[in-house]
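Using the numbering used here, you'd call the opening residue of the sequence shown number 108 and step up by one each time.
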Amino acid sequence: MIYDLIVVGGGPSGIFTAINFKGKKILLLEAESKLGKKLSLSGAGQCNITNDGDSKDFHGKYGDKDKFVKRLIRRFDNKSLMNFFTDAGLELTTKEDGRVFPKSLISNDVVSVLLSKLEDNKVEIKCNERVEAVRKIEDNFYSVKTNENKYQAANVVIATGGCLFAKGSLKVDGFNMLKDLEHTIIEPVPALTSLHVNNHFLHSLSGVSLENASLTIWKNEKLVKRAEGDLLITHKGFSGPVVLNSSRYFHNNEQIKINFLGEKTNKNKLEEVIIRESKISGKTKLATFLNRLGISKNLTYAFLTESIIETDIRCSEIDKAKRKKIAKLICEYTISSFTSGGFEVAMITAGGLALDQVNMKTMESKQAKGLYIVGEALDLDGDTGGYNIQMAFTTGMIAAEDLNSKM
Ligand SMILES: Cc1cc2nc3c(=O)[nH]c(=O)nc-3n(C[C@H](O)[C@H](O)[C@H](O)COP(=O)(O)OP(=O)(O)OC[C@H]3O[C@@H](n4cnc5c(N)ncnc54)[C@H](O)[C@@H]3O)c2cc1C
């Protein structure tokens with residue numbers, strides 16, 4: 108049998124293409140034993156499907172890919188996705204920061220809706236079938252070889268996601284398939300991942316978080332990136348939204364600077380307020396003063412110890428050198444030796460199929476008619492907050508619409 112469509116990969120992007128394509132013979136191939144495995148893990152098992160607010164708020168959430176995002180998101184935006192789920196009977200809830208979840212906070216409820224829609228659309232599903240190769244056999248047909256079988260289809264959707272670290276090795280099947288079909292893959296790197304710092308002096312404060320810290324990335328003393336958001340201290344370094352959202356830009360030959368007080372204060376300003384305090388109330392302990400600026404007791408203690416300053420020093424007793432040292436540590440903590448958390452802990456892959464090789468109106472490859480690429484397999488990665496799952500659904504829908512227009 109020749110299928111109208113074979114979808115390779117049963118994550119949100121592939122499933123959504125299969126649900127929304129109105130063709131008759133659709134086959135969905137998934138390497139794992141069940142569909143939507145990553146989706147069930149997402150959002151700590153609660154599944155943050157999208158972000159509420161205006162669709163324009165999505166601009167700027169995908170690094171430097173705004174040009175593409177604007178064209179994609181207006182075709183199937185967050186409201187359309189939320190309507191899809193509520194129309195299917197799944198109640199949703201929106202958190203204060205705009206993240207949208209199923210009201211039950213159970214990711215499998217999202218997966219269940221998708222499975223029942225696949226059934227409604229009579230999609231043939233084969234799990235435990237890993238696709239090994241996709242080849243163009245004639246102008247209008249593809250052969251798809253799995254570990255079990257060989258199939259043929261008029262159209263193929265590559266929805267294999269990003270790099271997957273499993274059982275000690277990195278799986279990049281989708282990227283290899285696309286390379287074999289003469290497509291360019293932008294080097295995949297882990298994104299939405301934590302920062303591991305060598306000689307991490309705050310390791311004992313793992314779990315402490317700070318609101319609105321700022322992080323800057325520097326290369327050859329030039330500012331490359333600036334971000335602000337909540338920061339989490341971990342055993343090995345730092346995490347939290349400000350780190351996760353910047354992680355696509357971490358490279359070894361760069362420096363990362365953290366301002367624990369955020370952009371509102373810089374080291375000069377901090378020095379100034381310490382001088383002012385020493386004049387107004389010199390007896391105040393520096394630790395107490397720093398607490399008043401919002402730095403917790405434990406953190407203050409760690410900063411003073413790291414700066415080799417007596418922990419009970421009074422503001423009037425601080426000389427210029429000590430003042431400069433503590434202000435620099437708090438407002439410009441510089442990290443030169445670090446690694447990113449890697450694919451083992453990354454939530455998403457940055458890199459993937461070069462976007463200039465895909466028609467953004469259709470998600471069809473510009474080189475191979477009938478070949479579509481959707482979801483994380485594309486060189487398009489978003490911030491935390493539901494932006495990645497939204498883009499998986501958006502690109503899946505755009506591919507389905509184009510396939511429908513061909514029927
Ligand atoms: C722990 C974690 C938490 C996350 N939380 C969130 C969140 O809350 N919100 C958010 O927006 N994003 C989140 N993400 C990211 C989000 O899950 C992904 O962006 C999204 O799942 C991508 O969808 P996809 O369909 O492109 O790929 P995937 O969901 O990765 O699906 C690809 C599928 O293809 C299959 N496959 C791969 N190779 C083959 C092959 N050769 N043959 C057959 N099948 C194959 C895989 O087994 C997989 O099932 C999270 C990710 C992780 C890891």
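C-beta: ideal position from N, C-alpha, C; glycine also.
Distance between residue j and residue i (C-alpha atoms, nearest Å)
{"i": "A138", "j": "K376", "result": "56 Å"}
{"i": "D280", "j": "I415", "result": "51 Å"}
{"i": "K256", "j": "I113", "result": "It is worth fixing the name first, because residue 256 is Asn in this sequence and not Lys. Between N256 and I113, the C-alpha separation is close to 13 Å."}
{"i": "L179", "j": "T502", "result": "7 Å"}
{"i": "L302", "j": "K476", "result": "41 Å"}
{"i": "I324", "j": "R182", "result": "34 Å"}
{"i": "I455", "j": "E417", "result": "43 Å"}
{"i": "F282", "j": "P295", "result": "9 Å"}
{"i": "K326", "j": "N373", "result": "20 Å"}
{"i": "K118", "j": "K473", "result": "According to the sequence provided, residue 118 is Gly. The question's Lys does not apply to it. Each residue's alpha carbon lies about 23 Å from the other."}
{"i": "T446", "j": "L271", "result": "19 Å"}
{"i": "L98", "j": "I496", "result": "Past the boundaries of the shown model lies residue 98; the chain is included only from 108 to 514, so the question cannot be answered."}
{"i": "L478", "j": "S219", "result": "28 Å"}
{"i": "M504", "j": "K332", "result": "32 Å"}
{"i": "I293", "j": "A461", "result": "6 Å"}
{"i": "Q63", "j": "L285", "result": "No answer is possible for residue 63: the residues shown for the chain start at 108 and end at 514."}
{"i": "K364", "j": "D287", "result": "41 Å"}
{"i": "T469", "j": "G314", "result": "44 Å"}
{"i": "V452", "j": "Y258", "result": "35 Å"}
{"i": "D419", "j": "A394", "result": "7 Å"}
{"i": "N254", "j": "R242", "result": "15 Å"}
{"i": "T291", "j": "V263", "result": "18 Å"}
{"i": "G205", "j": "E226", "result": "31 Å"}
{"i": "E471", "j": "L510", "result": "9 Å"}
{"i": "M189", "j": "H166", "result": "18 Å"}
{"i": "L351", "j": "K163", "result": "22 Å"}
{"i": "A484", "j": "M498", "result": "11 Å"}
{"i": "N235", "j": "L136", "result": "8 Å"}
{"i": "S120", "j": "E335", "result": "30 Å"}
{"i": "G401", "j": "E384", "result": "16 Å"}
{"i": "S353", "j": "G448", "result": "12 Å"}
{"i": "K172", "j": "A506", "result": "19 Å"}
Pick from the options that is closest to residue i, judged by C-alpha positions
{"i": "R430", "options": "L312, F450, V115 and E379", "result": "E379"}
{"i": "F410", "options": "N366, G449, E451 and F450", "result": "N366"}
{"i": "V481", "options": "F500, D463, Y494 and K473", "result": "F500"}
{"i": "I93", "options": "T391, L135 and L406", "result": "Here the chain has residues from 108 to 514 only, and residue 93 is not among them."}
{"i": "G130", "options": "Y110, N155 and F175", "result": "Y110"}
{"i": "K371", "options": "S403, E439 and V465", "result": "E439"}
{"i": "H307", "options": "K404, F191, K343 and G269", "result": "K343"}
{"i": "S329", "options": "P119, V230 and E361", "result": "Per the sequence shown, residue 329 should be read as Lys rather than Ser. It is E361 whose Cα lies nearest to the Cα of K329."}
{"i": "E508", "options": "V115, H166, T412 and I126", "result": "I126"}
{"i": "A240", "options": "M467, I265 and G275", "result": "I265"}
{"i": "V115", "options": "T469, A260 and T412", "result": "A260"}
{"i": "R421", "options": "E451, K386, S403 and S443", "result": "K386"}
{"i": "E413", "options": "G170, S311, K163 and L136", "result": "S311"}
{"i": "I244", "options": "E471, K252 and R237", "result": "K252"}
{"i": "D486", "options": "T267, S162, M189 and R399", "result": "T267"}
{"i": "S444", "options": "K432, F357, C154 and N466", "result": "F357"}
{"i": "K186", "options": "I381, G160 and L400", "result": "G160"}
{"i": "L406", "options": "I433, S423, S388 and K427", "result": "I433"}
{"i": "K202", "options": "S423, C154, I382 and K233", "result": "C154"}
{"i": "G369", "options": "T441, L322 and S423", "result": "L322"}
{"i": "D184", "options": "K174, D171, K172 and N158", "result": "N158"}
{"i": "T441", "options": "F345, K132 and M514", "result": "F345"}
{"i": "S423", "options": "N398, S403, G389 and L397", "result": "G389"}
Own chain partners of residue i with C-beta closer than 7 Å, once the 5 adjacent residues on each side are dropped
{"i": "G152", "result": "S214"}
{"i": "L309", "result": "I340 and A409"}
{"i": "F450", "result": "C270, F272, L277 and P297"}
Same chain, Cβ closer than 8 Å to residue i, five either side skipped, listed in chain order
{"i": "L148", "result": "S214"}
{"i": "D337", "result": "S316, L317, E318, N319, A320, G347, P348 and V349"}
{"i": "F192", "result": "I156, L199, P209, V217 and V220"}
Residues near residue i by beta carbon distance below 6 Å, same chain, minus five either side
{"i": "K168", "result": "G489, D490 and Y494"}
{"i": "L134", "result": "Y110, I113 and E231"}
{"i": "A457", "result": "V296, A298, R355 and D488"}
{"i": "N228", "result": "I126"}
{"i": "I122", "result": "L221"}
{"i": "T300", "result": "S354, S447, G448, V452 and A453"}
{"i": "K233", "result": "L136"}
Any non-hydrogen atom of ligand 3 within 6 Å of residue i CB
{"i": "L351", "result": "Absence of ligand 3 is noted for the structure shown, with ligand 1 being the only ligands found."}
Checklist entry - Where are the alpha helix (DSSP H) runs, 4 residues long or more, that stay fully inside the segment 192-248, in chain order? => result 214-227
Checklist entry - Do the segment 143-163 and the segment 247-262 meet, that is, are 3 or more Cβ pairs less than 8 Å apart? => result no
Item to check | Ranges of the alpha helix (DSSP H) found wholly within the segment 259-283, counting only runs of at least 4 | outcome: none
Item to check | Whole runs of the beta strand (DSSP E) within the segment 356-423, excluding any shorter than 3 residues | outcome: 362-366
Next on the checklist: With three or more beta-carbon pairs closer than 8 Å as the criterion, would you say the segment 193-202 touches the segment 161-181?
Outcome noted: no
Checklist entry - Which runs of the beta strand (DSSP E), 3 residues or longer, sit entirely within the segment 121-176? => result 133-136
Item to check | Residue ranges of each beta strand (DSSP E) within the segment 445-509, 3 or longer | outcome: 445-447, 455-460 and 478-480
Checklist entry - Can you give, in chain order, each stretch of the beta strand (DSSP E) that sits fully within the segment 310-345 and has at least 3 residues? => result 316-326 and 329-340
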